[in-house]
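Let me begin by presenting the structure, written as structure tokens, before commenting on it.
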Amino acid sequence: MLDEATQYLENRQKQQPSFTYEVIVVDDGSKDKTTEVASQYSKKYGADKVRILTLVENRGKGGAVRMGTLSSRGKFILMADADGATKFCDIEKVEAGLHALNPKPENMAISCGSRAHLETDSVAEVTSV
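Here the sequence shown stands for residues 5 to 133, numbered as in the numbering used here.
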């Protein structure tokens with residue numbers, strides 16, 4: 005997943021020099037080598053581009069997402085799980101949708117997506133908020 009993400013982001017930065025990014029890897033108390041693997045990417049791309057947030061105790065997905073979001077410095081935030089379900093080449097579609105909303109600086113916009121609709125047996129349900 006980090007290979008795909010950094011490859012996409014580096015290529016995009018080469019095409020658009022004003023484009024900046026950061027990848028925040030949140031290690032939520034895992035027993036695997038998450039921090040060790042992420043450190044290799046941080047050394048390769050720089051600590052400003054690949055940052056590692058190691059939580060002392062497991063906070064669950066919500067806590068990990070919250071801490072990663074609070075640590076981010078960017079204008080746009082994309083959350084992706086390590087399972088590789090998020091395809092980074094789709095980021096531009098999400099950005100286009102956000103720009104189409106044309107939010108004013110004082111407003112916020114959220115774009116959510118799911119690949120579930122691509123499954124043949126998936127069922128989409130819509131509820132109003």
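The C-beta atom is built at its ideal place from N, Cα and C for all residues, glycine as well. The structure presented is a predicted model; accordingly, all values stated were derived computationally and were not measured.
Item                                                                                       : Value
Residue ranges of each alpha helix (DSSP H) within the segment 52-119, 4 or longer         : 64-75 and 95-105
D32 in three-state terms, based on DSSP                                                    : coil
The segment 49-65 in contact with the segment 17-26 per 3-pair CB rule at 8 Å              : yes
Cutoff 6 Å; reference N62; Cβ partners in own chain excluding five residues on either side : D32 and G33
Short Cβ contact (8 Å threshold) for V30 with M71                                          : yes
Residue(s) in a DSSP beta bridge with V41                                                  : DSSP lists no partner for V41.
Endpoints, the alpha helix (DSSP H) within which Q19 is located                            : L6 to Q19
Supposed close pair I81, T73 - CB separation, criterion 8 Å                                : 6 Å
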